[in-house]
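The sequence shown begins at 4 in this note's numbering and counts up by one.
Ideal Cβ positions, reconstructed from N, Cα and C, are used throughout, including at glycine.
Bear in mind that the values here come from a model prediction, so they are computed numbers and not experimental data.
Take a look at the structure set out below.
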Amino acid sequence: MENDLKNFYEVFLKPNLTILEEQRKNLVNKLNIILFFYGIFMTIAGLVLWKLSDTFCLDKDFKIFIFIAMIIFSWETWSLYKKLQFDYGQNFKYIVIRPIVHFIDDNLNYDPKKEILPKKFYTSHFFKGEYAKIDVWQGEDYVNGTFDKISMEFNEINAEEKIDYGDSVEYITIFRGLFFSFNINKDFKGTTLISVHKSLFGKLSSWSLGKNIKKIQLKDPKLARNLIIYSNNFKIASQFLNNDFLHSLLIFQHWIKHPIYLSFIDSKLYLAIPIKKNLFEASIFKPVNFELVKESFDYLQIGIKIMKIIKDTMMNLGNENV
4 MENDLKNFYE VFLKPNLTIL EEQRKNLVNK LNIILFFYGI FMTIAGLVLW KLSDTFCLDK
64 DFKIFIFIAM IIFSWETWSL YKKLQFDYGQ NFKYIVIRPI VHFIDDNLNY DPKKEILPKK
124 FYTSHFFKGE YAKIDVWQGE DYVNGTFDKI SMEFNEINAE EKIDYGDSVE YITIFRGLFF
184 SFNINKDFKG TTLISVHKSL FGKLSSWSLG KNIKKIQLKD PKLARNLIIY SNNFKIASQF
244 LNNDFLHSLL IFQHWIKHPI YLSFIDSKLY LAIPIKKNLF EASIFKPVNF ELVKESFDYL
304 QIGIKIMKII KDTMMNLGNE NV
């Protein structure tokens with residue numbers, strides 16, 4: 004698959020990257036000019052405040068004015084940089100990310116600005132017991148599609164809770180990473196929660212585990228060492244979560260190198276992958292290369308890999324119990 008991606012990069016992406024690279028260089032030149040004048044202004048303002056104020060006995064109000072001007076100029080410079088980066092990033096998404104999505108599968112749709120509703124995150128039961136509510140919900144890079152009656156959508160998500168201490172406010176990250184929702188069109192009753200990363204038991208225990216939800220004991224030693232599963236419908240869980248499915252999850256988690264959470268809520272499957280890095284972005288200071296394309300490709304094809312695991316499991320449903 005990597006050879007196919009390399010050919011796709013050379014034949015289809017690389018010609019368009021010349022346009023993106025030209026824009027990037029122009030923006031860097033513009034930013035360098037802005038930073039040059041910013042440096043001159045800040046140097047002069049600093050000299051006025053800390054070197055010349057005592058010599059010339061500058062008025063206090065004038066010094067306050069200079070200080071405020073430095074803050075405003077710094078803020079405007081930062082805002083301009085963010086705008087230049089945003090404009091470049093949007094072009095990157097349309098020139099690079101969108102074609103990669105369609106290269107993975109023509110059935111996939113991509114919208115860089117659309118977001119999954121936070122209601123689905125609540126429904127998934129992820130981290131529900133630890134946090135009271137979501138005050139900040141930011142989603143981008145929305146992808147959806149349907150394969151063999153399995154529909155999927157996912158977003159890069161940043162969810163935060165606002166903590167008001169009266170004299171100060173703090174925002175705590177609830178989740179940052181990729182959040183997936185699958186409609187697997189199977190009438191599975193109840194709730195089943197899975198953590199594929201043993202060290203994350205503390206996080207898993209914060210899930211909203213009702214009185215009827217109990218931990219499932221796994222017979223396979225390797226699975227028992229690496230997975231934690233809770234369910235309130237043992238019969239359904241033991242049918243669907245057979246050893247082949249669970250071993251496939253372990254292989255998938257080893258490939259992606261991030262912890263993963265899954266929850267089966269009736270006929271829906273939710274998947275959360277905590278990732279601190281801001282995905283599907285290009286820096287204004289670095290040209291786009293194959294390594295960045297490959298990284299984006301790997302994250303974008305996660306949903307397809309999970310759907311294949313689900314499809315294979317449903318084809319062999321009931322062959323082997325947990």
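Check whether residue i and residue j have beta carbons under 8 Å apart
i	j	result
I160	S198	no
V104	Y113	yes
I195	S266	A small fix is needed here, since residue 195 is Thr in this sequence, not Ile. A contact, by the Cβ cut-off of 8 Å.
I119	E156	yes
F95	V296	no
F76	F44	yes
R101	I287	no
A240	F129	no
I268	I305	no
E79	K116	no
Three-state secondary structure (DSSP) of residue i
i	result
A188	Just to set this straight, residue 188 is Asn in the shown sequence, not Ala. Residue state, collapsed to three classes: coil.
E5	helix
P277	strand
S198	strand
L16	helix
F183	strand
I231	strand
K63	helix
K96	helix
K222	coil
C-alpha gap between residue i and residue j, whole angstroms
i	j	result
S234	E5	38 Å
N29	D90	12 Å
L326	N229	Residue 326 lies beyond the range of the chain shown here (4 to 325); nothing can be said about it.
I71	Y84	20 Å
F124	G49	49 Å
L249	E173	38 Å
E164	L87	29 Å
S82	F150	42 Å
heavy atom of the ligand ATP below 7 Å from residue i C-beta
i	result
N186	Absence of the ligand ATP from the depicted structure is noted, as is the absence of any ligand whatsoever, leaving it without description.
* Can you find at least 3 beta carbon pairs, one from the segment 8 to 23 and one from the segment 296 to 304, that sit closer than 8 Å? -> yes
* For the segment 105 to 180, list the alpha helix (DSSP H) runs that are entirely contained and at least 4 residues long, ordered along the chain. => 121 to 126
* Ordered list of alpha helix (DSSP H) runs contained in the segment 237 to 313, each at least 4 residues -> 237 to 243, 246 to 259 and 293 to 303
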